[in-house]
Amino acid sequence: MRIINLIVVHCSATRGDSTLSPEALDLMHRRRGFNGTGYHYYIRKDGTLHLTRPLERIGAHVKGFNAHSIGICYEGGLDCRGRPADTRTPAQRSMLRLLVGQLQERFPGCRVCGHRDLSPDLNGNGEIEPEEWIKQCPCFDVAKEFKEFKDCKRFKDSGESTAQAENTEEHRVTQHIKEQKGGK
Numbered sequence: 001m002r003i004i005n006l007i008v009v010h011c012s013a014t015r016g017d018s019t020l021s022p023e024a025l026d027l028m029h030r031r032r033g034f035n036g037t038g039y040h041y042y043i044r045k046d047g048t049l050h051l052t053r054p055l056e057r058i059g060a061h062v063k064g065f066n067a068h069s070i071g072i073c074y075e076g077g078l079d080c081r082g083r084p085a086d087t088r089t090p091a092q093r094s095m096l097r098l099l100v101g102q103l104q105e106r107f108p109g110c111r112v113c114g115h116r117d118l119s120p121d122l123n124g125n126g127e128i129e130p131e132e133w134i135k136q137c138p139c140f141d142v143a144k145e146f147k148e149f150k151d152c153k154r155f156k157d158s159g160e161s162t163a164q165a166e167n168t169e170e171h172r173v174t175q176h177i178k179e180q181k182g183g184k
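So in the UniProt record's numbering the end of the sequence shown lands on 184, straight run, no missing numbers.
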């Protein structure tokens, strides 16, 4: 398994009033010359999580940072007029938090950021400011939203009992990550 030190959150840059299936996302990336979807995970509006690229494969989602990162994309990111906006549904927010938490457990010490946060620091002050962003993606402040993960603290579950959790999406994500790691 490759070394992972970065989890990068993206949006599909599609309007909030439209849909983009995993298959359509894959086709879109292939038309851009990629060998399939560049992100490792894709979260639909209903919160459904799709593995779109095996974690062992280097992604194609942020130039210069792909070798040691995992890319997560949520469906949306533009309002009905095509302007950048945080269009995540409650189900997407929940799944994203769950997935980031699980990945933090598997890859301790990694940083969580948005695509825009990897833009060059043009003024050299050590901070990527809005006027320096190459793009708006993922259209929300990842660092602010995931500040409790900043020091890669252990993900805290929602308080469900183990029996309840086995029938949840959390259990499915946990099992998927264990399988990717080679465990049971």
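Idealized CB from N, CA, C, for every residue including glycine.
Checklist entry - Taking the Cβ atom as the reference point for each residue, do Ile-72 and His-40 lie within a distance shorter than 9 Å? => result yes
Checklist entry - Is there contact here, the region 57-64 with the region 87-103, by at least three beta-carbon pairs under 8 Å? => result no
Checklist entry - Is the region 131-141 close to the region 107-117, with three or more CB pairs under 8 Å? => result yes
Checklist entry - Can you tell which of Glu-23, Gly-101, Asp-17 and Thr-87 has its C-alpha closest to the C-alpha of Gln-11? => result Before going on, a small fix: residue 11 reads as Cys here, not Gln. For the residues Glu-23, Gly-101, Asp-17 and Thr-87, the minimum Cα distance to Cys-11 belongs to Thr-87.
Checklist entry - Excluding sequence positions up to five away, which residues of its chain have a Cβ less than 6 Å from the Cβ of Ala-143? => result none
Item to check | Option in Pro-54, Gly-77 and Ala-60 with minimal Cα separation from Thr-19 | outcome: Gly-77
Item to check | Rounded C-alpha distance that separates His-29 from Lys-45 | outcome: 20 Å
Checklist entry - In its own chain, which residues sit with a C-beta less than 6 Å from the C-beta of Gly-38, not counting the 5 before and 5 after it? => result His-29, Gly-59, Ala-60 and His-61
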